[in-house]
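Colleague: Structure provided below as structure tokens; questions to follow.
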Amino acid sequence: MKNVFKSQLSLLRQKKRLSQEALAQKLYVSRQSVSKWEHGEAEPDIDKLIALAEILAVDLDFLLSGQQSNDDLIMQVQKISKKFKKTVLKDINLSVYGRDRIALLGANGSGKTTIVNTIVGLVKPDNGQVKRFFNPSADLSVMPQKNVLIESLKVREHVTLSTQIQRQYSPTFVTEMIKKFNLNEQSQVIISQLSGGQRRRLALLISLLKPAKLLILDEPTVGMDLESIDFFWHYLDHVGGSVITITHDFNQIDHYFTRVVLLKDGVIAKDESVAAIHANNQTIEQWYRVNNQAVG
Ligand SMILES: Nc1ncnc2c1ncn2[C@@H]1O[C@H](COP(=O)(O)OP(=O)(O)O)[C@@H](O)[C@H]1O
Ligand SMILES: [Mg+2]
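Shown next as structure tokens:
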């Protein structure tokens, strides 16, 4: 637990762009104390811990364990199983909390998209249930693995239509979003003529039109150019609510996620906090390679 604390502390401190010195001043301790905490050589008293959680704007639980507290549970997947020709999902349990940033990992064909489709309601599980503690029509946004775009529309027409459906429409908002996602030059281009990367950016734009409690992204960066990928990950960092992303961008998982969930042989083989993995001196890629290979 304390191992997690030390890496959480340095991660959260850097996210807040505070130097050890600056944080120390706010807590009325020496910089050396902060440095010792981050190296696991000493632990702060409870009053300092509480002050730390306040300064870093996180729950104490999250600071200590890297996991969110139970109060803001937003969704629960309970004992889900699904068979197509073969059994894909055997017994899936997954709880999602407010502000979770979950990377859902697993080999091709392991059932990641099927889990997501079950959460969204596109796939009906054979057994088990999904409990959503929010309004799916208002608070759920999805970027599917396959783009669902109306090919015959122009980019601006599509964004206009999507904002109208989601009750977010204003001409300035449409213009802003198109600019932000670097589709200005394609604004009057018919969607069937866009490049793969442009289509992916448009699909992403559409999934981010409304603030959602839960945002699900299924391999969002596949087919994007490097510049769009950078833009995407920075954008994601500023999205409120919880995020579940299926991705193989391992370098990014280290920076943007709080939890990794590994799907293997039809079950959740691992569900760990990124902070705990880092505290163990592993990158997510190393962790994935070890755990996805292990038998069982
Ligand atoms: N609608 C479907 N009908 C039949 N088989 C399906 C269907 N959807 C997925 N599958 C099968 O289920 C398995 C898991 O698929 P999927 O969830 O897409 O995996 P992943 O997203 O992890 O690559 C694959 O073997 C796939 O062929
Ligand atoms: Mg998939």
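Positions 1 to 296 (the UniProt record's numbering) are the ones given, in order, by the sequence shown. Cβ coordinates follow ideal geometry from the N, Cα and C atoms, glycine included.
Can you tell me which residues fall inside 5 Å of ligand 1, judged by beta-carbon distance to its nearest heavy atom, and keep chain order?
Modeller: Having a Cβ closer than 5 Å to some heavy atom of ligand 1 are Phe84, Val88, Asn108, Gly109, Ser110, Gly111, Lys112, Thr113 and Thr114.
Colleague: Pull up the CB-CB distance for Leu214 and Ile74, whole angstroms please, since I reckon it's below 8 Å.
Modeller: At roughly 6 Å, the Cβ-Cβ gap stays under 8 Å, so Leu214 and Ile74 are in contact.
Colleague: Out of curiosity, what's the CA-to-CA distance linking Ser228 and Tyr28?
Modeller: Distance between the alpha carbons of Ser228 and Tyr28 is about 43 Å.
Colleague: Could you give the DSSP three-state label for Gln129: helix, strand or coil?
Modeller: Of the three classes helix, strand and coil, the one that applies to Gln129 here is strand, per DSSP.
Colleague: Once DSSP output is grouped into helix, strand and coil, what is the label at Thr175?
Modeller: The answer is helix: DSSP assigns Thr175 an H, G or I state.
Colleague: Please report the straight-line C-alpha distance between Lys85 and Lys79, rounded to a whole angstrom.
Modeller: Using only the alpha carbons, I get a separation of about 20 Å.
Colleague: When DSSP labels each residue in this structure, what does Ala103 get in the three-state scheme?
Modeller: Strand, per DSSP.
Colleague: Have a look at Gln186 and Arg201 and give me their C-alpha separation to the nearest angstrom.
Modeller: Answer to the nearest angstrom: the Cα atoms are 11 Å apart.
Colleague: Along the beta strand (DSSP E) that carries Asn93, what are the first and last residues, could you check?
Modeller: It spans Thr87 to Tyr97 - the beta strand (DSSP E) in which Asn93 sits, taken as one unbroken run.
Colleague: Using only alpha-carbon positions, find the residue among Leu149, Ser273 and Gly196 that is nearest to Ile102.
Modeller: Nearest option by C-alpha distance: Ser273.
Colleague: Do three or more CB pairs link the region 140-148 to the region 192-210 at distances below 8 Å?
Modeller: Touching, per the Cβ criterion.
Colleague: Quick check on the burial criterion: 16 or more other C-beta atoms within 10 angstroms. Buried or exposed for Asp265?
Modeller: Counting Cβ neighbours within 10 Å, Asp265 comes out exposed, since fewer than 16 surround it.
Colleague: Hey, is the region 283-294 in contact with the region 131-147, meaning 3+ C-beta pairs nearer than 8 Å?
Modeller: Because the criterion of three Cβ pairs below 8 Å is not met, the region 283-294 and the region 131-147 do not touch.
Colleague: Who are Thr245's beta bridge partners in DSSP?
Modeller: Answer is Ala103 and Leu217, bridged to Thr245.
Colleague: Can you look up Gln78 in the DSSP assignment and give me helix, strand or coil?
Modeller: The answer is strand: DSSP assigns Gln78 an E or B state.
Colleague: Span of the alpha helix (DSSP H) holding Val116?
Modeller: Per DSSP, Val116 belongs to the alpha helix (DSSP H) from Lys112 to Val120.
Colleague: Is the beta carbon of Asp249 within less than 7 Å of some heavy atom of ligand 3?
Modeller: In the structure shown, ligand 3 is absent; the only ligands present are ligand 1 and ligand 2.
Colleague: Considering only the alpha carbon of each residue, which of Asp59, Ala22, Gly106 and Glu38 lies closest to Ile284?
Modeller: Measuring from the Cα of Ile284, the nearest candidate turns out to be Gly106.
Colleague: Would Gly66 be called buried (16 or more neighbouring beta carbons within 10 Å of its own) or exposed?
Modeller: Gly66 should be labelled buried.
Colleague: Would you say the region 53-66 touches the region 107-115, given that touching needs at least three Cβ pairs under 8 Å?
Modeller: No, the region 53-66 is not in contact with the region 107-115.
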